[in-house]
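J.: In this note's numbering, the protein residues as written are 6 to 426.
Before I ask anything, here is the structure I am working with.
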């Protein structure tokens, strides 16, 4: 049936009967208060933006906090008007209760925004796009974990505040606190693994065991720490796989951290060559391959014979680079260069199998040739001896000196001779 003006007037009379005149006035006042609060929030934002030109922190705070501040002021205005209005029906209590819950959530939102701005300010002070960025990565790891903790704490407090607005929830909370001893034992046993991971994640972040962007070898996989959370760690493996491990793995299982103190690392290249390989010429070729190469950090380049058993001689080359990825490319470059050099210049030095016959009775055996006992020359001949850099390197692994050992023995003797008590 089509609507007529009589039907519309009848509907209007029904609405007027359902909502008295005082209610309409209250709704108008609420709308006016909300509009006024919104205008105040806009004015505050405009004033803050004027000062934000000189301060990027204020600009970031204004940009992120604009929406929660407007919502907060509007909710406050509406709640105050409804709470102060006399002679309103029962619907006001329900609306005020709902507005109170929303208000708690908006306050938590605003606090989280302010915390994020402070954390971003701390991150902006430390640049990770530098060669030696250990301190910056440590701060970034800790701030990231603090951010997650902040969100969790704010969310828990907001939910607790909402629940405490209900009398029944307050009574239940008192009962829970009274039985907290038993509940703590039950919850602790039920969530033992999860809590262990949480505490392990906090330990990793604040003891500086690993940091975001650290290069590690874990589970026989070489990769980079991509993310550290409260319960797990994500390792970005070199072939773009992600290895997700619980935080307790890094506190209970040994692993390699290539960038714990600095990013510079050493790497080795091993080659099996014939006994006739010219070692001095190999050292000269190695020097030619690395000197002037942007992959080498000019710290270590050493060629040594580490084994000579059977039909081959094992040669080990040690080189250094500024970080793990650069070291990988440098090792490949050195390995390929030495193999090509042997193929081109000394093909007889490549590994081969010899068949030696026994001399007959009329053949005089050849005596052994004179052995040159001179030490190999050149800075590349020794890792811990032969040059000033090698000797300085050896001091880091020689342990305490004789004087220090004697001092330790004397201190131990004095501690034993002191009377107890």
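Idealized CB from N, CA, C, for every residue including glycine.
Which same chain residues end up closer than 8 angstroms to residue 67 when comparing Cβ atoms and leaving out the 5 residues on each side of it in sequence?
T.: Taking the first residue of the chain shown as position 1, residue 67 is located at position 62. Once the five neighbours on either side are set aside, the close Cβ partners of residue 67 are 50, 53, 54 and 57.
J.: Below 8 angstroms on the Cβ atoms is my guess for residue 206 versus residue 233; work out the distance and round it to an integer in Å.
T.: As a first step, residue 206 must be located in the chain shown, where it is residue number 201. As a first step, residue 233 must be located in the chain shown, where it is residue number 228. That pair is a contact at about 7 angstroms.
J.: Alpha carbon to alpha carbon, how far is residue 254 from residue 167?
T.: For the purposes of this step, residue 254 is taken as residue 249 along the chain shown, with counting starting at 1. For the purposes of this step, residue 167 is taken as residue 162 along the chain shown, with counting starting at 1. Looking at the two C-alpha atoms, the distance is approximately 37 angstroms.
J.: Considering only C-alpha positions, which residue in the set 272, 316 and 256 is nearest to residue 307?
T.: Translated into positions along the chain shown, residue 307 becomes position 302. Residue 307 has its Cα closest to that of 272, out of 272, 316 and 256.
J.: For the candidate residues 98, 297, 76 and 220, whose alpha-carbon lies nearest to that of residue 262?
T.: Within the chain shown, numbered from 1, the residue matching residue 262 stands at position 257. Of the candidates 98, 297, 76 and 220, the one whose C-alpha sits nearest the C-alpha of residue 262 is 220.
J.: Starting from the C-beta of residue 241, find all residues in its chain whose C-beta is less than 7 angstroms away, skip the five residues before and the five after it, and write them out in chain order.
T.: Within the chain shown, numbered from 1, the residue matching residue 241 stands at position 236. Excluding residues within five positions, the ones whose Cβ falls inside 7 angstroms are 228, 229, 231 and 247.
J.: How should residue 172 be labelled, buried or exposed, when 16 other C-beta atoms within 10 angstroms of its C-beta is the threshold for buried?
T.: To locate residue 172, count along the chain shown from 1; it is residue 167. Classification of residue 172: exposed, given that the 10 Å Cβ count is below 16.
J.: For residue 74, collect the residues of the same chain with a Cβ closer than 8 angstroms to its Cβ; drop the 5 residues on either side in sequence, then sort them by chain order.
T.: Taking the chain shown and counting its residues from 1, the one referred to as residue 74 is at position 69. Excluding the 5 residues flanking it on each side, residue 74 has same chain C-beta neighbours closer than 8 angstroms at 46, 49, 50 and 115, in chain order.
J.: Taking the beta strand (DSSP E) that residue 272 belongs to, which residues open and close that run?
T.: For the purposes of this step, residue 272 is identified with residue 267 of the chain shown, where counting begins at 1. Note, residue 272: beta strand (DSSP E), 270-278.
J.: Use the C-beta contact count for residue 108: other C-beta atoms within 10 angstroms, 16 or more gives buried, fewer gives exposed.
T.: Reading the chain shown from its first residue, position 103 is the one you call residue 108. By the 10 Å Cβ count, residue 108 comes out buried.
J.: Does DSSP put residue 236 in a helix, in a strand, or in coil?
T.: Here residue 236 refers to the residue found at position 231 when the chain shown is read from its first residue. Here residue 236 sits in coil by DSSP.
J.: DSSP state of residue 202, grouped into three classes?
T.: Taking the chain shown and counting its residues from 1, one reaches residue 202 at position 197. If DSSP states are grouped into helix, strand and coil, residue 202 belongs with the helices.
J.: Using CA atoms only, rank isn't needed, just tell me which of 160, 156, 127 and 99 is closest to residue 3.
T.: Any property of residue 3 remains undetermined from this structure, which presents the chain solely from 6 to 426.
J.: Using a threshold of 8 angstroms, state whether the C-beta atoms of residue 76 and residue 39 are closer than that.
T.: The residue given as residue 76 occupies position 71 in the chain shown. The residue given as residue 39 occupies position 34 in the chain shown. No; because the gap between Cβ atoms is not below 8 angstroms, this pair is not in contact.
J.: Flag this pair as yes or no: are the beta carbons of residue 278 and residue 347 separated by less than 8 angstroms?
T.: In the chain shown, residue 278 corresponds to position 273, counting from 1. In the chain shown, residue 347 corresponds to position 342, counting from 1. The answer is yes: Cβ separation under 8 angstroms.
J.: Is the distance from the Cβ of residue 151 to the Cβ of residue 124 below 8 angstroms?
T.: If you number the chain shown from 1, residue 151 lands on position 146. If you number the chain shown from 1, residue 124 lands on position 119. In contact: residue 151 and residue 124 (Cβ atoms closer than 8 angstroms).
J.: Output needed for residue 304: all residues of its chain with C-beta closer than 6 angstroms, excluding positions within five of it in sequence on either side, in chain order.
T.: For the purposes of this step, residue 304 is taken as the residue at position 299 of the chain shown. Answer for residue 304: 325, listed in chain order.
J.: Using DSSP with H/G/I as helix, E/B as strand and the rest coil, what is residue 152?
T.: Here residue 152 corresponds to residue number 147 of the chain shown, with the count starting at 1. It is helical.
J.: Taking three-plus beta-carbon pairs below 8 angstroms as touching, is the region 282-300 in contact with the region 329-343?
T.: yes
J.: In chain order, which continuous runs of the beta strand (DSSP E) of length 3 or greater are located wholly inside the region 66-125?
T.: none
J.: Given that a residue counts as buried once 16 or more other Cβ atoms are within 10 Å of its Cβ, and exposed if not, what is residue 327?
T.: Counted from its first residue, the chain shown places residue 327 at position 322. Its Cβ being crowded by 16 or more others within 10 Å, residue 327 is buried.
J.: Determine, for residue 234, whether the minimum Cβ-Cβ distance to residues of chain B falls below 8 angstroms.
T.: The structure shown contains no chain B; it is built from a single protein chain.
J.: Quick check: the Cα distance between residue 379 and residue 276, rounded to an integer number of angstroms?
T.: Sequence index remark: in the chain shown, residue 379 carries index 374 (1-based). Sequence index remark: in the chain shown, residue 276 carries index 271 (1-based). For residue 379, the predicted structure reports a pLDDT of 49, less than 50, and the residue's modelled location is therefore unreliable. A value from the coordinates is still provided. Computed Cα separation, rounded: 23 angstroms.
J.: Flag this pair as yes or no: are the beta carbons of residue 274 and residue 336 separated by less than 8 angstroms?
T.: Residue mapping note: residue 274 aligns to position 269 of the chain shown, counting from 1. Residue mapping note: residue 336 aligns to position 331 of the chain shown, counting from 1. Going by C-beta atoms, residue 274 is nearer than 8 angstroms to residue 336.
J.: Roughly how many angstroms lie between the CA atoms of residue 286 and residue 141, to the nearest whole one?
T.: Along the chain shown, read from residue 1 onward, the residue named residue 286 stands at position 281. Along the chain shown, read from residue 1 onward, the residue named residue 141 stands at position 136. Approximately 44 angstroms, taken between the alpha carbons.
J.: Taking only three categories from DSSP, how would you classify residue 36?
T.: By 1-based counting over the chain shown, the position of residue 36 is 31. Helix, per DSSP.
J.: Is residue 332 buried or exposed, if buried means 16 or more other CB atoms sit within 10 Å of its CB?
T.: Within the chain shown, the letter at position 327 stands for residue 332. Buried: at least 16 other Cβ atoms inside 10 Å.
J.: I'd like the list of long-range same chain contacts for residue 122, defined as Cβ closer than 7 angstroms, with 5 residues on each side in sequence excluded.
T.: Here the question's residue 122 lines up with position 117 in the chain shown. Same-chain partners within the cutoff: 62, 65, 66 and 69.
J.: Taking the alpha helix (DSSP H) that residue 265 falls in, what are its first and last residues?
T.: In the chain shown, counting from the first residue as 1, residue 265 sits at position 260. Taken as a continuous stretch (DSSP letters only), residue 265 belongs to no alpha helix (DSSP H), as it is neither H nor E.
J.: Per DSSP, residue 226 forms a beta bridge with which residues?
T.: On the chain shown, residue 226 is found 221 positions in, with the first residue counted as 1. Paired residue(s): 223.
J.: Considering only C-alpha positions, which residue in the set 117, 170 and 147 is nearest to residue 158?
T.: The count along the chain shown starts at 1 and reaches residue 158 at position 153. For residue 158, the nearest C-alpha among the options comes from 117.
J.: Just mark residue 313 as buried or exposed, buried being the case when its beta carbon has 16 or more other beta carbons within 10 Å.
T.: By one-based count along the chain shown, residue 313 stands at place 308. Counting Cβ neighbours within 10 Å, residue 313 comes out exposed, since fewer than 16 surround it.
J.: In the DSSP assignment, find the unbroken alpha helix (DSSP H) run with residue 330 in it and report its ends.
T.: One-based indexing of the chain shown puts residue 330 at position 325. Start and end: 329-350.
J.: Curious, which full-length beta strand (DSSP E) runs of at least 3 residues does the region 283-337 contain?
T.: 306-312 and 318-326
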